[in-house]
Ligand code: SF4
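Put into structure tokens, the structure is as follows:
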């Protein structure tokens with residue numbers, strides 16, 4: 007469905023709802039939708055299809071702070087809730103790894119930090135095992151910056167709208183690699199409906215950045231058997247970073 011079709015449908019439903027409820031039409035902000043992006047069938051490729059590309063309003067004056075301020079004031083999709091704070095992300099300004107989950111959970115929203123709870127503690131351990139740390143060489147964020155109600159999955163429309171901020175963050179941060187966590191983020195970046203187990207652990211490219219998908223720490227908390235594949239993915243990440251960054255490579259070699 008196109009953005010215009012969605013807008014017309016939403017307007018129609020709102021007006022019908024207003025008249026049924028109160029008999030008059032409320033004034034509301036203009037809707038912003040995006041065209042659906044298509045999940046292409048898996049053909050052994052992980053290139054992003056044209057139609058999946060959100061169009062970022064990249065501005066030369068973008069800074070992480072201005073992007074974060076826009077995110078905190080954003081009401082561009084249905085995940086906006088007036089009394090809940092959006093979570094822009096946190097980390098260093100020139101990260102080796104930009105780590106991207108699907109969305110903050112309720113606890114992250116309350117804390118104003120991504121991955122603040124149990125899954126976050128596990129993520130820190132995962133990253134630490136390959137000498138990555140949110141305070142030193144990572145930036146951690148999510149595809150959607152607001153928490154879906156009941157911690158449900160982020161919908162493709164919501165991801166597509168919010169990805170504009172993510173892409174602006176990427177362009178500013180210029181990470182050496184992107185680590186995508188969980189099936190929702192991976193399917194968005196790789197634009198595929200392929201089974202997640204088949205697309206994780208293989209380096210792809212997103213907007214010129216090397217991207218590796220692995221399981222979300224939440225998946226790992228639910229299923230301890232995923233420890234081994236996650237460790238394999240982290241080793242692949244470590245190898246790629248050693249190729250790309252000599253200081254990191256030296257630190258790994260010295261650390262044994
Ligand atoms: S999820 Fe993203 S696009 Fe939607 S309201 Fe929050 S910041 Fe805005």
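Numbering (our numbering), first residue to last: 7 to 262.
Where is the CB? At the ideal position from N, CA and C, for every residue including glycine.
Note that the structure is predicted; figures quoted are calculated from it, not measured.
Is residue 97 buried or exposed, if buried means 16 or more other CB atoms sit within 10 Å of its CB? buried
Applying the 10 Å Cβ sphere with the 16-neighbour rule, what's the burial state of residue 224? Flag for residue 224 reads buried.
Would the beta-carbon of residue 73 be found less than 6 angstroms away from any heavy atom of ligand 1? No.
Through-space distance from residue 119 to residue 1, alpha-carbon basis: Absent from the structure is residue 1, since the part of the chain shown begins at 7 and ends at 262.
Name, in chain order, the residues that DSSP records as bridge partners for residue 105. 146 and 185
Measure the Cβ-Cβ separation of residue 168 and residue 101 and say whether it is below 7 angstroms. no
Residue 86 to residue 152 span [Cα, whole Å]: 7 angstroms
In this structure, how does DSSP classify residue 209 when only helix, strand and coil are distinguished? coil
Please find out if some non-hydrogen atom of ligand 1 comes closer than 6 angstroms to the beta-carbon of residue 167. Yes; taking the cut-off as 6 angstroms, the Cβ of residue 167 has a heavy atom of ligand 1 nearer than that.
Below 6 angstroms, is the gap between the Cβ of residue 116 and the nearest heavy atom of ligand 1? Not under cutoff, so the answer is no.
Is residue 146 near ligand 1 - that is, is its Cβ less than 6 angstroms away from at least one heavy atom of it? no
Buried or exposed for residue 115, please, with buried defined as at least 16 other CB atoms from any protein chain shown within 10 angstroms of its CB. Result: buried.
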